[in-house]
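Numbering (our numbering), first residue to last: 158 to 249.
Beta carbons: idealized from backbone N, C-alpha and C, even for Gly.
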Amino acid sequence: MAVVGHEGTGVLARIGAGMPGGARLIVCGRCRLAYSSTEWLGLELAEILDSNCVRQLLSDWPAGDSIEVRHCGRCGAEIARAARSGVAPGRG
Ligand SMILES: [Zn+2]
């Protein structure tokens with residue numbers, strides 16, 4: 158059974174299949190629209206929770222990591238994303 162036909166390839170491209178490693182998409186929890194990092198930055202900022210604030214709720218939250226909340230450009234729902242501040246990408 159074919160899962161992906163020609164009509165599906167556009168969707169796959171949209172959600173980043175085959176993109177180079179490191180590209181992470183942010184998906185709206187309500188309408189499922191996916192945003193690239195660049196598109197994410199263009200969304201209306203609702204609020205930023207700094208790491209001290211988050212760590213009151215999540216004791217193992219990494220120090221220095223904040224949470225950005227932005228409004229979905231299509232449906233207006235709030236989308237939250239962890240935001241690294243001043244930390245170089247990559248591990249170890
Ligand atoms: Zn949405």
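Residue i versus residue j - alpha carbon distance
i: R231; j: A203; result: 15 Å
i: H228; j: G186; result: 11 Å
i: D222; j: E201; result: 20 Å
i: A220; j: C210; result: 10 Å
Endpoints, beta strand (DSSP E) assigned at residue i
i: R238; result: E235 to A240
6 Å Cβ shell around residue i - same chain, five flanking residues per side excluded
i: E225; result: I205, R238 and A240
i: R212; result: W218
i: W197; result: I183
i: S208; result: A220, G221, D222 and S223
Mind listing, in chain order, the continuous alpha helix (DSSP H) runs of no fewer than 4 residues lying wholly within the segment 187-231? 194-198 and 208-212
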